[in-house]
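According to the numbering used here, the sequence shown holds residues 20 to 309 in order. Notes follow the structure.
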Amino acid sequence: MVQLHLKRGDESQFLFTTTVDVQLETLIQQITAIHNGRLKVDRICSEIPELADHGITLPPNMQGLTDEQIVDLKLKDEWEERCVPSGGSVFKKDEIGRRNGHAPNDKMREVLMKTVEEAKALISKKQAQANICVTMEMVKEALDQLRGAVMIVYPMALPPHDPIRMEFENQEDLSGTQASLQVITEDECQLWWAGKELQRGKKLQDFIGKNEKTKIVVKIQKRGQGAPAREPLVTEEQQKQMMMHYYRRQEELKKLEEADDDSHLDSEWSDRQALKRQFQGLTNVKWGPR
C-alpha cells in the first residue's frame with residue numbers, strides 16, 4: 020500500500036493509505052471527505068465545552084441581549100423547558116449572552132469533556148507522528164462518540180438552532196467565519212506532489228510509479244492558489260540535530276586550541292638531554308662568577 024502524508028502548507032495533517040492503481044478522482048474524494056470530517060470534529064469539540072459550561076444556545080433573536088432587554092422585548096426561550104440536561108441543571112451565566120446558563124451537573128459535564136478528548140485523539144495530527152493512518156471510519160467513529168455523549172446528557176435533543184445539532188445534521192452555516200476558509204470542497208481540491216499537480220483523469224501510478232511501498236508527502240489546497248512550496252531538503256528535526264552537532268564540534272575545537280600550549284617544553288621533565296647530562300655529571304653546572 021502507498022502511504023500519503025497529507026499536509027496543508029507546511030503543517031502536517033494525517034496519513035492515508037491507498038494503491039498506485041487508484042483513480043485520482045476517487046483519491047481526491049476520499050481525502051477531501053477525511054479532511055472536512057476532521058474539521059467538523061474539531062468544530063464540534065470546540066462547541067461542546069461551551070455547552071458543558073453554559074447549557075444550550077439561545078434563539079438567534081435573544082443572543083447578546085441583557086436580561087432587562089429580554090424582559091422589555093417580552094422574549095422567551097421556548098426550548099429552555101424542553102432541553103433540560105440529565106440529572107438537572109446548574110446555573111452558570113454566560114457572560115457573552117450566547118447560551119442560556121442552565122449547564123449540566125458535574126457528572127454529565129465529565130461525560131461530555133471525556134468524550135471530547137477521546138474524539139480529538141482519534142483524528143489528532145499526532146497520529147501521523149505515531150505512523151497511524153486516519154480513515155473515514157475513524158472520523159465517523161469520532162462523530163458517533165460525540166453524538167452519543169450529547170444524547171446521554173440531552174436525551175430530548177438540542178434546539179434546532181444549536182450549532183452542535185446543526186453540525187450533526189450537516190446544516191451548519193460557516194459563511195463569514197474563519198472555519199469556512201479551512202473547508203475544501205471536492206470540486207476545488209487539488210493534490211500536489213514534488214511540485215506537480217496530481218491531475219484528475221489519471222491514476223496515481225502515472226506520477227509516482229508502480230511501487231506499492233512508496234511513501235510520499237502530498238500537499239492539499241484549494242484550486243487557484245498556485246503551486247505550494249516544495250518540501251525542504253532537510254526536516255526541522257534534522258536541522259536541529261545538525262546544528263547541535265556543529266555546536267558540539269566547535270566547542271571541541273575551542274578546547275583543543277586552549278590546550279595547544281608549548282610552554283611545557285621549557286619544563287625540566289621534558290628535556291630529552293637530561294639523562295645524558297646526568298651521566299656526564301653536567302646536571303648542576305652553573306656558569307658565571309661565584
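Note that beta-carbon positions come from the ideal geometry of N, C-alpha and C, so glycine has one too. Please read all numbers here as calculations on a predicted model, not as lab measurements.
If you draw a straight line from the Cα of VAL39 to the Cα of GLU256, it comes to about 29 Å.
Nearest to GLU100 by alpha-carbon distance, out of LYS241, GLN82, LYS234, GLY120, is GLY120.
For ALA213, the three-state secondary structure derived from DSSP is coil. Contact between the region 87-107 and the region 53-64 is not established, with fewer than three Cβ pairs separated by less than 8 Å. Between GLU205 and LYS241, the beta carbon gap of about 11 Å keeps them out of contact (Cβ cut-off 8 Å).
DSSP places THR134 in the uninterrupted alpha helix (DSSP H) bounded by 125-141. DSSP, reduced to helix, strand and coil, places LEU193 outside both helices and strands of the structure shown, so it counts as coil.
Annotated three-state conformation of CYS64 is helix, per DSSP. In this chain, LYS93 is not harboured by any beta strand (DSSP E), its DSSP state being neither H nor E.
Assigned with DSSP and collapsed to three states, LEU84 falls in coil, not helix or strand.
ILE239 carries a strand assignment under DSSP once its states are collapsed to helix, strand and coil. Taking C-beta separations shorter than 6 Å and ignoring five residues to either side along the sequence, the partners of GLN201 in its chain run LEU58, following chain order.
PRO78 and MET132 have their alpha carbons spaced roughly 24 Å apart. In the pairwise beta carbon analysis, the region 81-88 is classified as not touching the region 186-195: fewer than three pairs are separated by under 8 Å. Each residue's CA atom was taken as its position, placing ALA213 and ILE235 some 9 Å apart.
At the C-beta level, ILE171 and VAL135 stay beyond 8 Å of one another. When secondary structure is reduced to three states using DSSP, LYS144 falls in the coil class, being assigned neither helix nor strand.
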